[in-house]
Amino acid sequence: MNNRQAYHQNFDRTLSHEELHRGRRYGKKRRSWVSLIIHIIVLILTAIAGYSMWKEPIFKVKLLNQLVNFHQFSTFSDKLEELKKLPINVGDIDKIQHQLDQLVIAFEVFFGICILSLILTFFTILFNRTVLKIVNFIVVVILMLMTFGFAYLIDHVAKKAATEMSSAYLSFKPDDILTQADAIHNNFILLGCSLALLFISLFFRNRRPRH
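Residue 1049 in my numbering sits at position 50 of the sequence shown, with consecutive numbering throughout.
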């Protein structure tokens, strides 16, 4: 009985006088200002890239010395309807018009993905989550690949046109027919910078305050 009383007395003394070891409490994580600045820059670069593809010339028709932007390109397929009234092969016109319509849809998808990237960047500025950064990085990679696709398609059309003209005894180089314009070049630079900055931002996370 005495042993039990002595145990309880020691236990009460421990609770009253000894310091209990509690788990360390961590405060709210500190925001990484470097990451914040990087994503503000990425937001601006991506917005400029999308605007450039929307407003700036996408390609130049050298034979006509004419620059063509997205609006002119998207309305060009409508003008092909007028050619059906002429005595030419309607099947060829329908094929060209179908290809142009598909290309217009590809550009519209590009603009949609660009808006998605802007939204992801905005939320990353607010929350600075690594998952958002990785997803946004992948989205910008898709934008870059699509820009490469547009550039390849322009070069391919120019080479094909040069080949067909050579069969008609007309000597033209592909660059003399069709070339890439400012929108394509700007997107290579702007999206390339965005990818580099997004990769760097992965190393800057919110940190717990030091005690």
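We treat Cβ as the ideally placed atom computed from N, Cα and C, and that holds for glycine.
Three-state secondary structure assigned by DSSP to residue i
{"i": "residue 1177", "result": "strand"}
{"i": "residue 1203", "result": "coil"}
{"i": "residue 1142", "result": "helix"}
{"i": "residue 1149", "result": "helix"}
{"i": "residue 1069", "result": "helix"}
{"i": "residue 1136", "result": "helix"}
{"i": "residue 1054", "result": "helix"}
{"i": "residue 1196", "result": "helix"}
{"i": "residue 1172", "result": "coil"}
{"i": "residue 1061", "result": "coil"}
{"i": "residue 1186", "result": "helix"}
Short Cβ contact (9 Å threshold) for residue i with residue j
{"i": "residue 1183", "j": "residue 1157", "result": "no"}
{"i": "residue 1116", "j": "residue 1045", "result": "yes"}
{"i": "residue 1194", "j": "residue 1108", "result": "no"}
{"i": "residue 1064", "j": "residue 1056", "result": "no"}
{"i": "residue 1132", "j": "residue 1200", "result": "yes"}
{"i": "residue 1123", "j": "residue 1204", "result": "no"}
{"i": "residue 1052", "j": "residue 1135", "result": "no"}
{"i": "residue 1152", "j": "residue 1102", "result": "yes"}
{"i": "residue 1097", "j": "residue 1196", "result": "no"}
Selected residue, minimal CA-CA separation from residue i, among the options
{"i": "residue 1041", "options": "1099, 1071, 1189 and 1100", "result": "1189"}
{"i": "residue 1160", "options": "1036, 1062 and 1032", "result": "1062"}
{"i": "residue 1105", "options": "1146, 1127 and 1071", "result": "1146"}
heavy atom of the ligand NAP below 8 Å from residue i C-beta
{"i": "residue 1149", "result": "For the structure depicted, the ligand NAP is absent and the ligand set is empty, with no information on it obtainable."}
Outcome for residue i when other beta-carbon atoms lying within 10 angstroms are tallied against a minimum of 16
{"i": "residue 1048", "result": "buried"}
{"i": "residue 1162", "result": "exposed"}
{"i": "residue 1059", "result": "buried"}
{"i": "residue 1126", "result": "exposed"}
{"i": "residue 1290", "result": "This structure gives no information on residue 1290, because the portion of the chain shown stretches from 1000 to 1210."}
{"i": "residue 1018", "result": "Residue placement at residue 1018 cannot be trusted, given a pLDDT of 49 that sits under 50; what the coordinates show is reported in the next sentence. Per the 10 Å Cβ criterion, exposed."}
{"i": "residue 1149", "result": "buried"}
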